[in-house]
Amino acid sequence: MKNVILTIAFVCSLAFGFAQDKGITITVTVDNITSDKGKASFSLHTSETFMKGGGIMNASSEIKDGKAVITFTNVKPGEYAILGMHDANENGRMDFRENGMPLESYGTSNNVMAFGPPQYEDAKFIVADKDLELNLRF
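Printed below as a string of structure tokens:
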């Protein structure tokens, strides 16, 4: 009898585990990259990680015909922003001119292109209960 109860409890816990929500999928597309050289790199950020290094999720993509597509999976509901860049020389970081201007193209969610570094408040968006498709411009 003890084994039957343990078996039922185990099966119920498995069923409950598989029934858990897997999170939201965010698909990001950039289709205005000026060169297929290098790769496109993206980071998903919260307000705590934005412009402070790596995001909570990172992904990169090959560029084909000026287009790159990546997918962030299993994203929990909340507020986020995406930073993306064309890492033309594949050194894993943004390169800058001597005056501080970027040498490689970049973009943020909501496609706000202000003078100066991107701001979280401009780039943030809400993840709720549906998968998202975002288009970024570099």
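Heads up: the sequence shown runs through residues -21 to -1, 1 to 117, numbered per mature numbering (1 follows the signal peptide of the UniProt record, and there is no 0). Heads up, the beta-carbon is just placed ideally off N, CA and C, and yes, glycines get one too.
Could you name each continuous beta strand (DSSP E) segment of 3 residues or more that falls completely within the segment 71 to 97, going from the start of the chain to the end? 85 to 87
For V91, count neighbouring C-beta atoms within 10 Å of its own C-beta (all shown protein chains included) and say buried if the count is 16 or more, exposed if not. exposed
State the DSSP-derived secondary structure class of E58, mapped to helix, strand or coil. strand
Given residue 120 as reference, the closest of V54, M73 and I5 once Cα atoms are compared: Because the chain in this structure spans residues -21 to 117, residue 120 falls outside the shown range and cannot be described.
Work out the CA separation of A102 and G34 for me, nearest whole Å. 14 Å
Just curious, the beta strand (DSSP E) that E100 is in, first and last residue? Where E100 is concerned, there is no enclosing beta strand (DSSP E), although the alpha helix (DSSP H) it sits in stretches over Y99 to A102.
Among P56, L111 and E69, which has the Cα closest to the Cα of S14? E69
Write down the C-beta distance between N89 and F104 rounded to the nearest angstrom, noting that I regard them as a contact closer than 8 Å. 7 Å
Pull up the distance between the alpha-carbon of G45 and that of D110, whole angstroms please. 24 Å
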